[in-house]
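No gaps in the numbering here: position 61 of the sequence shown is 52 in our numbering, and each next residue is one more. The next block holds one structure in the form of structure tokens; read it before the comments.
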Amino acid sequence: MSQSLYIALAGILSIVSMPLIILICKKFSLYDYQNSRKIHSGNIPRLGGVGIFCAFIISSLAFILINKEDNFNHILPILIAGTIVFIFALLDDLLTLPALAKLIVQLIAVSIVVLNGFRFKQIFGWTLPLPISFILSFCWILGVINAYNLIDGLDGLCGSFSITTIITLGVLYSLTGNPEATLCFILAASILGFLCFNWPPAKLFMGDAGSQFLGFMIAVFPLFCSDSVFEYNKFLIMIVITAFPVFDTIAAIWRRLRDKKPIMSPDRSHLHHKLLNMGYSKKSALYLLCFLQVLLCGSVVISYFLGAKRGMALLLESTAFVTLFFSFVHYTNRAVIAKQLNEAKNHTAETKSPDSTEENS
């Protein structure tokens, strides 16, 4: 069978499974309930990640087994670890597990892939000592898993970031002649089926099971390739294609440490919240972030053609752009909040002034 048939199979399985998942969620009241912290309206079914996972696993295993792809044996640890991440995140969606239990399970899953050789081996041509390689790889994969979980707060956002990132990796693998490109496109097709139901106004959310599974796969997929140009800039490439979720998570951690709050405590100060506070609608904020994500992914593909050193320069420029964008949004949002507080103060003063006049009379 042609590789495109397995990609099509993933898309079909995903899009067909979503209405069934919605029905099951409604039957058993498996909703993401509206509250003061969340920005969606109404109670939305939240197990779309099940459809993404099943479509990807079924199509990937069919591709590997039917074609007797022996050179995909090294993929097995990733599929096992990804399944572990998915199952325990799904249990968290259903039962709400303790944060420590979730962290332990994520560490087990990350250990499986890192100990099987999926780790950073060099940065900019410098071979990493084994302890640094392990520590960096553990921190990276754990960080990206949770970054994609945190960014999943706006209709279509996590799915859009994920699909553009995965397609970019698929293109890079195609350019470097890596057969894993097919797995990337299978995952992209699985996400596309979900996005048909998650595009605003969303009828279905992916839940922690979906966002953590995608975060895991996005963190691990780039660790396949050992092409010379890709390997030289791999760390920068991974930073650029995950920049929005990762930078937003770093900002959230800093914010909570500064305010002496638990690191995992929720708030309404993520990037998309700030854009909404600045006056963007949900759709316009989504379109802006998707457009910028496409630009970043495009710069990653272009960097491959520029070679190691010139490609590194472009990737550094892309990273600087994201830093400037976050700074612009942060300070603009602060100015908007200050203006809102000032207007509220003036309004309060105006409402009190008639009463004070009556008292004086």
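Beta carbons: idealized from backbone N, C-alpha and C, even for Gly.
Considering only C-alpha positions, which residue in the set the options is nearest to residue i?
| i | options | result |
| --- | --- | --- |
| Cys175 | Val162, Thr167, Thr314 and Gly168 | Val162 |
| Gly289 | Leu306, Gly298 and Lys274 | Leu306 |
| Ser124 | Tyr139, Ala138 and Gly108 | Gly108 |
| Ile71 | Phe47, Thr87 and Ile12 | Phe47 |
| Val291 | Gln25, Leu38, Ile157 and Gly2 | Ile157 |
| Gly42 | Lys265, Gly302 and Ile182 | Ile182 |
| Phe129 | Gly144, Gln97 and Leu145 | Gln97 |
| Cys16 | Lys330, Asp258, Lys252 and Leu38 | Leu38 |
| Thr314 | His263, Leu279, Ile293 and Phe235 | Phe235 |
| Ala193 | Phe63, Met9 and Gly298 | Met9 |
Output the boundary residues of the alpha helix (DSSP H) element that contains residue i.
| i | result |
| --- | --- |
| Gly40 | Gly39 to Ile57 |
| Trp383 | The first residue shown for the chain is -8 and the last is 352, placing residue 383 beyond what the model contains. |
| Ala193 | Counting along the chain, Ala193 falls outside any alpha helix (DSSP H), and DSSP gives it neither H nor E. |
| Leu287 | Lys273 to Leu297 |
| Lys29 | Neither: Lys29 is in no alpha helix (DSSP H) and is coded neither H nor E. |
| Asn356 | Residue coverage of the chain in this structure runs from -8 to 352, which leaves residue 356 outside it and unanswerable. |
| Ser20 | No alpha helix (DSSP H) contains Ser20, which DSSP labels as neither H nor E. |
| Asp83 | Leu67 to Leu86 |
| Leu91 | Ala90 to Leu106 |
| Thr159 | Leu148 to Leu166 |
| Ser256 | Counting along the chain, Ser256 falls outside any alpha helix (DSSP H), and DSSP gives it neither H nor E. |
| Ser128 | Leu121 to Leu141 |
So, at 7 angstroms on beta carbons, what are the nonlocal neighbours of residue i in its own chain, with the 5 sequence-adjacent residues on each side left out?
| i | result |
| --- | --- |
| Leu160 | Cys175, Phe212 and Pro213 |
| Thr323 | Met269 |
| Ile114 | Phe226 |
| Ile103 | Pro68, Ile71 and Ala72 |
| Asn140 | Asp199, Ser202, Gln203 and Gly206 |
| Ile244 | Ile254 |
| Pro191 | Asp146, Gly147, Lys273, Lys274 and Leu277 |
| Val327 | Asn268 and Met269 |
Below 8 angstroms on the Cβ atoms is my contact criterion, and I expect residue i with residue j to pass it. Report the Cβ-Cβ distance as a whole number of Å.
| i | j | result |
| --- | --- | --- |
| Ala100 | Val135 | Contact doesn't hold; Cβ gap of about 12 angstroms is too wide. |
| Val231 | Thr310 | 6 angstroms |
| Leu267 | Ala276 | 6 angstroms |
| Pro36 | Phe185 | Rounded, the Cβ-Cβ distance is 12 angstroms, inconsistent with contact. |
| Phe111 | Phe238 | Not a contact, Cβ separation roughly 19 angstroms. |
Excluding five sequence neighbours on each side, which residues of the same chain lie with their C-beta closer than 6 angstroms to the C-beta of residue i?
| i | result |
| --- | --- |
| Ser352 | Residue confidence is low: Ser352 scores 44 on pLDDT, short of 50, so the model does not pin down where it sits. No coordinate-derived value is stated. |
| Ser151 | Cys281 |
| Ala172 | Gly161, Tyr164 and Ser165 |
| Phe188 | Met9, Lys194 and Leu195 |
Would you mind sorting residue i into buried or exposed? The rule is 16 or more other CB atoms within 10 Å of its CB.
| i | result |
| --- | --- |
| His65 | exposed |
| Trp131 | buried |
| Ser347 | With a pLDDT of 49 at Ser347, under the threshold of 50, the modelled position of this residue cannot be trusted, and the question is left open. |
| Asp250 | exposed |
| Tyr223 | buried |
| Lys116 | Checking the sequence shown, residue 116 turns out to be Gly, not Lys. It counts as exposed. |
| Asp258 | exposed |
Residues in the same chain with beta-carbon distance under 8 angstroms from residue i, minus the five sequence neighbours each way, listed in chain order, please.
| i | result |
| --- | --- |
| Ser53 | Per the sequence shown, the amino acid found at residue 53 is Ala instead of Ser. For Ala53, where only same-chain residues beyond five positions count, the Cβ hits under 8 angstroms are Tyr(-3) and Leu0. |
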